[in-house]
Ligand code: HEC
Ligand code: HEC
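Numbering (this note's numbering), first residue to last: 3 to 320.
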């Protein structure tokens with residue numbers, strides 16, 4: 003994986019010049035013979051590298067462990083996961099599937115300003131939003147090995163994406179502005195979802211919960227009707243994605259998001275500068291909850307579910 007770096011270092015030693023000079027020399031030679039494809043950024047042809055299944059250096063091993071945590075989050079970190087979801091319950095195909103909030107390319111966009119936090123946040127905080135909200139769990143210490151393994155995986159699957167750039171299919175595709183009918187959604191749920199997610203939405207075996215104490219919290223993006231509709235429209239039913247219409251996806255999303263789910267402590271301070279999306283199911287400054295579901299108290303340590311915006315160490319008057 004670091005073959006190029008090793009090659010440059012070797013060249014630098016042999017020729018007695020600096021690494022920078024060696025680098026320039028290699029590039030100018032390459033420019034004459036062939037275009038250095040690794041340097042040219044084209045979002046449409048870029049592909050995330052494959053994780054080495056026989057890792058043999060410390061960074062590759064961290065990447066490998068990071069992927070294992072993403073796919074087996076609950077088993078790997080039971081103290082940090084509230085329900086029966088893993089990261090890849092939503093970030094499908096190891097975080098590589100477009101329109102399923104892909105994680106490829108994400109690393110290149112952090113630190114990033116988030117409206118919901120009203121702050122510029124590092125990728126560790128973004129990961130912890132998903133631990134505390136989407137997994138209804140507890141934040142992972144940013145300086146823990148497990149967090150750094152996750153970040154190593156995220157960095158690796160963004161290899162070659164320049165800082166601040168975007169890749170196609172990022173996030174969850176924006177849906178047309180419709181409103182779901184939860185009674186129609188209930189019927190659609192029975193016909194299309196029960197066989198996997200169970201008739202009480204609690205999941206079956208390895209299949210994750212859609213509501214109830216084992217599900218994502220009210221503060222998760224997935225708890226918003228439009229966000230859930232987009233995920234469902236493009237990715238569910240798991241074995242027949244794309245078979246529901248936009249309206250049907252909204253209907254079933256309306257049904258699911260109206261059901262009880264774990265609370266998300268501190269959610270009332272989201273979007274501190276205004277601009278709360280219309281479908282946020284809880285009150286924030288200047289926003290009235292949209293169809294709020296019943297919230298279930300957090301059984302795990304509620305304080306560990308709050309990821310505060312980075313605080314200044316020098317400014318005391320805030
Ligand atoms: C219940 C579904 C769900 C689960 C489980 C989940 N996430 Fe997310 N995650 C999302 C959604 C939805 C977004 C926001 C996508 C958007 O709208 O841009 C997101 C965003 C992210 C982002 C930012 C992506 C970007 O483009 O900026 C990262 C990083 C991330 N999640 C990591 C994780 C990790 C790591 C885990 C496990 C600890 C996890 N997520 C679990 C749903 C989930
Ligand atoms: C064939 C089985 C199957 C069917 C049918 C199915 N799902 Fe899923 N669903 C899954 C699996 C499996 C995952 C997790 C993906 C993974 O782990 O790779 C999932 C994940 C989800 C998630 C994100 C994680 C969570 O638990 O919140 C939502 C939301 C969801 N499904 C909604 C639905 C809806 C709505 C329907 C019906 C329209 C549906 N699913 C039908 C298997 C299924």
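Even for Gly, the Cβ is constructed at its ideal location relative to N, Cα and C.
In DSSP terms, what residue i is bridged to
i	result
residue 298	264
residue 206	209
residue 177	None, per the DSSP bridge assignment.
residue 114	123
residue 286	289
Beta-carbon spacing of residue i, residue j below 8 Å
i	j	result
residue 88	residue 105	no
residue 281	residue 190	no
residue 285	residue 220	no
residue 103	residue 163	no
residue 302	residue 140	yes
residue 283	residue 197	no
residue 138	residue 85	yes
residue 295	residue 255	no
residue 248	residue 180	yes
residue 217	residue 175	no
Three-state secondary structure assigned by DSSP to residue i
i	result
residue 141	coil
residue 74	coil
residue 259	helix
residue 317	coil
residue 304	helix
residue 254	helix
residue 217	coil
residue 60	helix
residue 196	helix
residue 185	helix
residue 223	helix
residue 271	helix
residue 309	coil
Outcome for residue i when other beta-carbon atoms lying within 10 angstroms are tallied against a minimum of 16
i	result
residue 130	buried
residue 134	buried
residue 316	exposed
residue 250	buried
residue 314	exposed
residue 228	buried
residue 287	exposed
residue 21	In this predicted model, residue 21 has a pLDDT of only 42, less than 50, meaning its place in the structure is not dependable; the value taken from the coordinates is given anyway. Result: exposed.
residue 257	buried
residue 237	buried
residue 203	buried
residue 83	buried
residue 155	buried
residue 235	buried
residue 192	exposed
Ignoring anything shorter than 4 residues or poking outside the region 226 to 251, list the alpha helix (DSSP H) runs there in chain order. Listed in chain order, they are 227 to 237.
List, from N- to C-terminal side, the alpha helix (DSSP H) runs of 4 residues or more that fit wholly inside the region 64 to 110. Secondary structure within the region 64 to 110: the alpha helix (DSSP H) runs of 4 or more consecutive residues, fully enclosed, are 75 to 78 and 94 to 97 (chain order).
Let me know the alpha helix (DSSP H) ranges lying completely inside the region 116 to 175, each 4 residues or longer, listed in chain order. Entirely contained in the region 116 to 175, the alpha helix (DSSP H) runs reaching 4 residues are, in chain order, 125 to 131 and 147 to 158.
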